[in-house]
Structure formats: C-alpha cells, structure tokens
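**Student:**
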Amino acid sequence: MKKTTPAYSTQDDFGKKKPLQLAFFKNPIRRWFPLFLGPVVIAFVIGFVWPFLQGIWLSLCKFKLISDAQFIGFGNYAKALADPAFRHAFWYTALFAVVSLVIINVLAFTVAYLLTQGIKGSNLYRTVFFMPNLIGGIVLGYIWSMIFDGILSHFGTSILLETKFGFWGLIILMCWQQIGYMMIIYIAGLQNVPGDMLEAAKIDGATKMQTLFKVTIPNVMPSITICMFLSLTNGFKLFDQNLALTGGQPFLIQAGGTTIKTTEMLALNIYNTFYGTNSASQGVAQAKAVIFFILVAGLGLAQLAYTRKREVQQ
Amino acid sequence: MKKRLLALSLTAALAAGLLAGCGGGSAESKAPEESKAAEPAQSQAAEPAATGSVYWLNFKPELDDTLQELAKTYKEQKGVDVKVVTAASGTYSQTLNAEMDKSAPPTLFVIGNSAGVKDWKDYALDLTGTAIANELNTDAYNLYDETGKLVSIGYCYECYGIIVNPDLVEKAGHSMDEIKNFEGLKTVVEDIHARAGELGFDAFTSCDMDGSSSWRFTGHMANLEYYYEQEGTTWTECPPTLTGKYMENFKNLYDLCINNSLTAPNELATGGHDAAQEFKDGKAAFQVQGSWEYASYKDAVPNATMIPYYCGVEGEEKAGLNCGTENCWAINAKASPEDQQATMDFMVWLVTDPDASAKMVEQLGIMPYKGAAESTNGFLQDAAEYTADGCYVMNWATNYQPNVDAYRATLVAALNQYNADQSDANWEQVKTAFVDGWAVQYQEVNG
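So the protein lines, in turn, are chains C and Y. Under the numbering used here, the letters of the first sequence match residues 859 to 1172, in that order. Under the numbering used here, the letters of the second sequence match residues 381 to 827, in that order.
1) By how many angstroms is the C-alpha of F906 of chain C removed from the C-alpha of E408 of chain Y?
2) Leaving out five residues on either side along the sequence, give the residues of the same chain with a beta carbon under 6 Å from the beta carbon of L450 of chain Y.
3) Using a Cβ-Cβ cutoff of less than 8 Å, which residues in the same chain neighbour G751 of chain Y once the five nearest sequence positions on both sides are dropped?
4) Leaving out five residues on either side along the sequence, give the residues of the same chain with a beta carbon under 7 Å from the beta carbon of E706 of chain Y.
5) Listed from N- to C-terminal order along the chain, which residues in the region 1000–1019 of chain C have their beta-carbon within a distance smaller than 8 Å of any beta-carbon of chain Y?
6) For G700 of chain Y, tell me which candidate among Y:T598, Y:T518, Y:A763, Y:D804 has the shortest Cα-Cα distance.
7) Quick check on the DSSP output: the beta strand (DSSP E) that includes M774 of chain Y runs from which residue to which?
8) In the DSSP output, which residue or residues are listed as bridge partners for T685 of chain Y?
9) Does chain C have any CB closer than 8 Å to the CB of T778 of chain Y?
10) For the region 635–660 of chain Y, list every residue whose C-beta sits within 8 Å of some C-beta in chain C, in sequence order.
11) What does DSSP give as the partner residues of A699 of chain Y in its beta bridges?
12) Output the boundary residues of the alpha helix (DSSP H) element that contains V1154 of chain C.
13) Which residues in the same chain have their Cβ closer than 8 Å to the Cβ of D582 of chain Y, if we skip the five residues on either side of it in sequence?
14) Exposed or buried, G599 of chain Y, counting other C-beta atoms within 10 Å across all chains shown (16 or more means buried)?
15) If we require 4 or more residues per run, which alpha helix (DSSP H) segments fall completely within the region 735–790 of chain Y?
16) Does the separation of the CB atoms of D804 of chain Y and I924 of chain C fall below 8 Å?
17) Which bits of chain Y does P892 of chain C rub up against, with CB to CB less than 8 Å?
18) Let me make sure I understand the geometry here. Which of C:A952, C:K1095, C:S917, C:I996 has the alpha-carbon closest to that of V1148 of chain C?
19) What span of residues does the alpha helix (DSSP H) with Y454 of chain Y cover, start to end?
20) Using the beta-carbon of each residue, which ones in chain C are nearer than 8 Å to S473 of chain Y?
21) Quick check on the DSSP output: the alpha helix (DSSP H) that includes W949 of chain C runs from which residue to which?
22) Per DSSP, what are the beta-bridge partners of K660 of chain Y in this structure?
23) Taking the beta carbon of K714 of chain Y as the centre, do at least 16 other beta carbons fall within 10 Å, making it buried, or is it exposed?
24) So what's E1169 of chain C in DSSP terms, helix, strand or just coil?
25) Output, in chain order, the set of chain Y residues within a Cβ distance shorter than 9 Å of K922 of chain C.
26) For a contact defined as C-beta to C-beta under 8 Å, what are the partners of Q975 of chain C on chain Y?
27) Quick one, which of C:T1165, C:I1118, C:F1151, C:S1016 has its alpha-carbon nearest A789 of chain Y's?
28) Grab me the residues of C771 of chain Y's own chain with a C-beta within less than 7 Å of its C-beta, minus the 5 sequence neighbours each way, in chain order.
29) With H, G and I counted as helix, E and B as strand and the rest as coil, what does DSSP make of S586 of chain Y?
30) Between F910 of chain C and chain Y, is there a C-beta pair that is closer than 8 Å?
31) Tell me whether P734 of chain Y is buried or exposed, calling it buried when 16 or more other Cβ atoms sit within 10 Å of its Cβ.
32) May I ask you to verify whether the region 940–958 of chain C touches the region 1010–1017 of chain C, counting CB pairs closer than 8 Å and requiring at least 3?
33) Is V815 of chain Y helix, strand or coil when you go by DSSP?
34) Can you tell which of C:V899, C:T1121, C:S958, C:T951 has its C-alpha closest to the C-alpha of Q1035 of chain C?
35) Distance, Cα to Cα, A520 of chain Y vs Y749 of chain Y?
36) Quick check: the Cα distance between A1163 of chain C and I996 of chain C, rounded to an integer number of angstroms?
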C-alpha cells in the first residue's frame, strides 16, 4: 500500500512534512481548537447532520410520529416519482427558477451598475432598493395578492383564477424582493474592479460597452457566481411566497376528480403531501424532500462549477 | 493585541450563542428516543407534583383565554399544574403531530372526526366507563373506533345554519313566517338584494373564499348534500363514493348566497371582507354561520336567530339545524398513569364545578354533561326548538369528508372558477371536485 497523508498532518509551503504531534500541539491555536470548533460542530450536528440523516431514514419508512416509524424500503420513492402533481411541480419550479434567475440578475446588475456611476443620492436608492428584502415572505405574499387583485378585479378576474397570472405574479414578487439583495452583492463586486484597468481601457480608447463587457463583467464574475447560485437555489426552495400568494390555485380538476395544483412549487407540494393527507403519505413527502435536496444540491453545484470557470484572477 | 482581543471576544460570543442554541434544541431532538420510553420519562418530569400534571392541546382559539384562566384557578384550588397550549386556527393537525413527538406530549387532545380517529386511535385511551364518561348526558357526540373503543368524548356541541337578523327582514317589509322553505327564502333574499340601495342593507354578508371563510361553504353548507344523501340513515363510517344526488340543492342555496350578497361573486377569491362585522353592523340580513358566533353577535344583533339550510328538498319545511361537534376530548394513552388520572380529574372538574362549567358554557354554548351549567346560547336554543317542533336534526355528515384539507382545497379552487364565471362547464367542475374528489381522497386515505 502506498503511504497516504495522515489526516492531521500538516504541510508547510515547501512541502516538507512535519511530525504530526509536534506540529499539532506547538501552536496554541491548534491546541485549543476543540474549544472553538466544538460548539459549532455540536450545533451543526444537532441542527443539521442528525435531522438530515433522520430525514433520509424516514423517507424509507411509514410513519405518523417519527418516534414510531416503520421501515418499508423504497416504496415511498416509487410513489413520489409516480405522482403527476410532483412532476408538474418540478417542471413548474424549474421554469420559475430559470426565469427568475435571469430577470433578477439582469435587473440587479443594471441597478448596481447605475448606482456605482456616482449618481447623486446613490445611498438613498440603495437603501430603498434593499428594503423589500427585509419583509417576511408570508406578509409579502398577502400584500401582493391584494395588489394584484386590486388591479385584476377591474378585469373581472383574480390571481387565483389563471395559472399565468400566478406565475408572473410570483416572478414580480420575487424580483421585487430579491433584486435589492443581489444589487448589494453586485455593488460590492463593482467597487472592487481595479481602477487602473478601467483607466487603461479608457486610454486605449475602449467604448463604454467594451469596457463593461471586456473589463467590468469579467472582474465581477465572483459576484455573478454567488448571485446566480443564490437566485437559483432561492427559486427552487421558494415556499412561503408561493403559499401566501396563490397556494397552488388554480387547480386543474381532471375527469375522475384528481387534481393538479397548477401554481404549486416543489416545496409547497412536499408540505401539502406531508400535512394535507394521511400517515401513509408522510413517508412519501419525506422521500420527495430527499429527491428535492439532491436536485437542488446537484443543480447548485453544477452551476457553481460552470460560472467558477469564468472567473478571472486579478 | 486589541484586534486579537476583539477576535477572541467575538468568538466567545458566537460560541455562547451556539451553545445557548443547542441547549434549547437538544431537548427536542432527543424526543424520538425518549418517547419510546414515554412512561418513565413522564413520571420523572412530573416529579414535584407526585399527582401528575395536565397538558391540554386546545383546538379552539376562541376558548384560549377562558382556559388559561381556568388552568390558573385549578392550580390554586387543587395544586395541579395545567398547561394549555392553543394551536393557531387551522393548524391543529400540524401542531398535534409535532407535540405528540416531544418528550412531554399533550395528555389531553382533540380527536374530532372519523379521519382523526383513524390517525390517532392508537394514542387514545379507551374512555368507556371512566369518570368523565359517566358524567355525560348523551352518547350522541362521542367517537368510537371500529373495535368499539370509546376514542373521544364530546365536550360541547354546536349547530350551524343561516343566521338571520329578523329586524332587517321586517324592515324590508317581510316577515320571518314567509321563510319556511327554499321558495320563501329565495323570494325574501332576492327582494332585499334588489332593493339593497334603497334599504341600506343587503341580503347576505360577503361569501369570501379565502382560508378564513371558505369552510362555511365547503365544510358546512356542503353538509346539506351529504345529509340528504344519507336518505334518512346516518353514516357510521366514510362512504367510498358519493352519488351527488342533491348537488342541485347545494347549488340552489349556494347561488342564492353569492349572487345576493354585499360582495360581487367575482371578487371573493382572495377575500378580505369581514362577514361577521358586516352582520353586526346591520349591513346584511343573512349569514351562513354557526352557534359559536352567538357570544359575539348577541349584543349587536340581540334578536338574531338561526334557520335551517333551505335548499329546495321536498319536505324541508320539517328541517332543523345542523347539529354536531368536532370538539371531542381524547386522553393520551401513552402518558403516564398519574398524568392520565390528573387529566381525567381536570376534565371532571371542568364539567361539574359550577363556576368552571359556567365559564366553559359561556364560550362553548353548551356542554352535554349532567352537572354542567345551563346553556345560554340563543342559536342552540333555536336548535332545541326545531327538534321540539318535530323537525329533523341534520347530523354533521361533513365530518366524514375524507382527507378533509385536500378535499376542501380542491372544492375551493373549483368554486373560485365558478364564482368568476357561473357557466355550466364550471359547475361541472365543482361537481367533479365535490363528488369524484370524494372518491379520490377516499382512495388516497384508504387505498
């Protein structure tokens, strides 16, 4: 067997190996690391690792209360994947996530770009744009449902009556809420674009557009990566705004009485499966949640890997 | 150096925050293991009072103030701890689910309908022949499982129908005697609505379809269809399918409500109107509601009275009100014997102590127990009068709605489409949701 690096061995910059124990206890920070790391690790295990593992276990069970779960194998996954409402929710959510990702990022970048051009009152604008982000999702959903219905009632309809109203309503709501947040990240990125580069571009006779696309955007790629990651995962995980704005309405009632909630997104579908039905379906909801996790994590990581490649080293 | 100190103190603050966080969290995350051994854990928790304690997960938000007060009184009089937690409106099943998993689960909770019996019967103590069961004066509001175990026991019952403000009806030049069937009701309602501008009030209050009000139609008014579909018998378990034979009658009354009210039918979907306030302010003469509103209506509309769901069924002149309950106590079978005993004692105290039962009755309307205070609820008195006159009581067949939340949500969505455009095609959708949706949800639960 080949010699492998021991878990706690350290390598200095020149690649020379130091004996493990010495290196470990010489440095006081290393000696005391359990004290600093311990609470975080414990909290992380209690708050995340344990519930997460239990969630996976429960997805293989039939249960009413989690304390007396009964192992049944992969039946829940089969049921989850066979559920037409879940598949509808998946495609609807995917569409929503992509559309909101594009619109939010384009608008947030535009606003950020304008507000870094030295306009008078920039700080005031930044605050105003950021504020919607401070309101909770449920409240926002109800407020916007009133705004939309206030307008739509003039046309004898309501946001609850048409799938497309529900979709665009949610997009508008999310843009309104998220643009300010993404804008802050973009502003930070834009302020870090090296002044000498911009100056050099100017001296070389680059137009504003050329400067933007050849200098500024490559330099803010890290911000774009993080903003795209955030808006993609936010789009997929969206729950409270969805619940409060339409709650899945309108429903498509098929012959035979089964229904598809046309504006129900994945997270709401999981919630409704868990609580709206009987104990047999709670395991199914749990299985859906695990599938949901894999999906969001996979997509998020893929997107990160893709945009990371486009980042430039300054 | 200063920087280092700052960093250190920040780290300490973070660590402390996290530790505090886990202190609260760890108790809960232990619940799964502990509740397997619920009994020893329970008796440990109840150490100071060797007699056990009571934890009531309450179902009725309007009862909360009274219960908190009674819990305090009970502690003063008997020295037993009573904790009352009220689940927010419409979230009882979620809260119950979460609470039952904790190391100190509720000892007293509510199993209100057949679906609840199915879900929770294993957690309910058999109440047959217990002290509280012996205090009952009727068996009509109790729930049994298929083996005949008494799972839960009614602690109040209610009635619903159409609440009328007779003063307004008379002001419009009509009399209550005209309303003895659907034809009579329709004449009066349509006349009032037609002259609403001149009279200054309308026929029905707003019929909002949002979560705070849609149950008045999908839960209560729907009962008339189920009731008549029983054809003189009463269901003892949820039927797998419906025939929808009386859908036309449901439509009669439903159309009358939405088309003759303060709010136009196409503005009901997202709600936002306060129907109770409209009724109290005398802006409308009719409202589809139940006896639990009596306490809040009696001052504003002292003559308010309740009439049956007249819907065009033959012989409906003999109809009475819809009486039943979803308020049934169950004792947690997995609680320690001491806690079960303490809970039982507390329940008996609530229905026998003159002061306590008077306070309960004031909120609940009536309690079906021998030693409880007399009812003061005018609507329940109306119900009793109908029965005394030989009218039939419409039982709450609606309690059998399978997978109730999902079933009603679909019905609401279908009614929203219909309200916006009252076409035959849209009514067909309502019918599909009402009749076929029942079968679908039945399969979902039992399939």
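Ideal placement from N, C-alpha and C gives every residue a C-beta, glycine not left out. Nothing here was measured: the structure is a model prediction, and the numbers come from that model.
**Tutor:** Inspection of the coordinates gives the following:
1) For E408 of chain Y, the predicted model reports a pLDDT of 37, less than 50, meaning its position is unreliable; a value from the coordinates is still stated below. Cα to Cα, E408 of chain Y sits roughly 14 Å from F906 of chain C.
2) A736
3) E515, V731, T732, S737
4) G492, N493, N779
5) S1003, M1004, D1007, S1011, G1014, T1015, S1016, I1017, L1018, L1019
6) Y:A763
7) 772–775
8) Y:V544
9) no
10) N646, E647, A649, T650, G652
11) Y:Y772
12) 1138–1166
13) I572, H573, A576, N640, S641, L642, K663, A664, A665
14) buried
15) 758–768
16) no
17) Going along chain Y, no residue has its Cβ under 8 Å from P892 of chain C, so there is no contact; the nearest lies around 11 Å.
18) C:S917
19) 444–458
20) Y1133
21) 942–973
22) Paired residues: none, contrary to the question.
23) buried
24) coil
25) N477, M480, D499, W500, D502, Y503
26) Those within 8 Å of Q975 of chain C in chain Y number zero; the least Cβ separation is about 35 Å.
27) C:I1118
28) K698, A699, G700
29) coil
30) no
31) exposed
32) no
33) helix
34) C:S958
35) 12 Å
36) 33 Å
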